[in-house]
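K.L.:
My questions will all concern the structure given below.
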Amino acid sequence: MLMPRCHVEATPFGGLSFPCDCFKMNEGSDGEGRRSMKIKDFMTHDHERLEQILRDFLKARDQDGVRARELFNAFKSGVEKHMAWEEEILFPAIERRTGMHLPGPTVLVQSQHRQIKALFEKISAQIDKEGGTEEVLKELTGLLALHSREEERILYPWIDVSLGKEEREAALEQMKQCSTMG
Numbered sequence: 000m001l002m003p004r005c006h007v008e009a010t011p012f013g014g015l016s017f018p019c020d021c022f023k024m025n026e027g028s029d030g031e032g033r034r035s036m037k038i039k040d041f042m043t044h045d046h047e048r049l050e051q052i053l054r055d056f057l058k059a060r061d062q063d064g065v066r067a068r069e070l071f072n073a074f075k076s077g078v079e080k081h082m083a084w085e086e087e088i089l090f091p092a093i094e095r096r097t098g099m100h101l102p103g104p105t106v107l108v109q110s111q112h113r114q115i116k117a118l119f120e121k122i123s124a125q126i127d128k129e130g131g132t133e134e135v136l137k138e139l140t141g142l143l144a145l146h147s148r149e150e151e152r153i154l155y156p157w158i159d160v161s162l163g164k165e166e167r168e169a170a171l172e173q174m175k176q177c178s179t180m181g
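Here it is as structure tokens:
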């Protein structure tokens, strides 16, 4: 399995920091001795990064309210950036390639994104109240677990198979450019 060569970190104000070139070609073979990174590998790595921020938030929320708020904001910003990569870069690319718009896998995923965003808003409104987020957090973590599993097992492999090497590389480059903005 190809994995990014570096750690992607959330930065203050919701950006992402790439301390090295996560988008570099990895060794392999495409007939020219190279293989581009798979969308599945990159996005799965980002899921893992986001899950760690969530775990850190869950640990901090009972001990350090300020740190918990920072971690929640980093998690929320990271998930929003991840969803934007999908909705603004990957989904249009796959829909152009396959001609599939409605109904398709991307429609279901976008529906889940709307649910996730609504849960984030509920948590944001309740986070500073003692015990106010427990049920919503439980709902959010359950939805995210299902959502990530579906993406990693179905959506991302489908995107990798459907897009050509150049399209995958272009999508990864666009995600890199989006991650360094604001």
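Residue numbering for the sequence shown follows numbering that gives the first Met the number 0, beginning at 0 and increasing consecutively. No residue lacks a Cβ here, since even glycine has one placed at the ideal position from N, Cα and C. Since the model is a prediction, treat every value here as computed from it, not as a measurement.
#1: Taking DSSP as the reference, what is the three-state secondary structure of Thr43?
#2: Among Ile153, Cys177 and Glu172, whose alpha-carbon lies nearest the alpha-carbon of Lys39?
#3: Would His46 and Ser147 qualify as a contact pair, given that the criterion is a beta-carbon distance under 7 angstroms?
#4: Can you give the Cα-Cα distance for Thr105 and Phe90, rounded to whole angstroms?
#5: If I follow the unbroken alpha helix (DSSP H) through Thr132, where does it start and stop?
#6: Residues in the same chain with beta-carbon distance under 6 angstroms from Ile42, minus the five sequence neighbours each way, listed in chain order, please.
#7: How is the alpha helix (DSSP H) around Ser75 delimited, first residue to last?
#8: Inspect the beta-carbon positions of Val78 and Leu49 and report whether they are closer than 7 angstroms.
#9: Within the continuous alpha helix (DSSP H) that includes Met174, where are the two ends?
#10: Can you grab the Cα-Cα spacing for the pair His44 / Asp127, in whole Å?
#11: Using only the alpha-carbon positions, how far apart do Leu118 and Glu138 sit?
#12: Go ahead and pull the three-state DSSP assignment for Arg48.
#13: Shorter than 7 angstroms from the beta carbon of Ala83 to some beta carbon of chain C?
#14: Measuring CB to CB, does Arg95 end up less than 7 angstroms from Ser161?
#15: Can you give me the start and stop residues for the alpha helix (DSSP H) that Arg60 sits inside?
#16: Going by beta carbon distance, what residues of the same chain come within less than 6 angstroms of His112, once the five residues before and after it are set aside?
#17: Does DSSP put Lys137 in a helix, in a strand, or in coil?
#18: Got a sec? Which residues, its chain only, sit under 8 angstroms from Ala59 by beta carbon, not counting five neighbours each side?
#19: What three-state label does DSSP hand Gly30 in the structure shown?
P.N.:
With the given structure in hand:
#1: If DSSP states are grouped into helix, strand and coil, Thr43 belongs with the helices.
#2: Ile153
#3: Here His46 is near Ser147, since their CB atoms are less than 7 angstroms apart.
#4: 6 angstroms
#5: Run containing Thr132: none; DSSP gives neither H nor E here.
#6: Residue identity check: residue 42 is Met in the sequence provided, not Ile. Cβ neighbours of Met42 beyond the five flanking positions: Tyr155.
#7: The question names Ser, yet the displayed sequence has Lys at residue 75. It spans Gly64 to Trp84 - the alpha helix (DSSP H) in which Lys75 sits, taken as one unbroken run.
#8: A contact, by the Cβ cut-off of 7 angstroms.
#9: Lys164 to Ser178
#10: 30 angstroms
#11: 8 angstroms
#12: helix
#13: Absence of chain C from the displayed structure is noted, only one protein chain being present.
#14: no
#15: Where Arg60 is concerned, there is no enclosing alpha helix (DSSP H), because DSSP gives it neither an H nor an E.
#16: Met82
#17: helix
#18: Arg66, Ala67 and Leu70
#19: Unreliable placement is indicated for Gly30, whose pLDDT of 45 sits below 50; the coordinate value is still reported in the next sentence. Here Gly30 sits in coil by DSSP.
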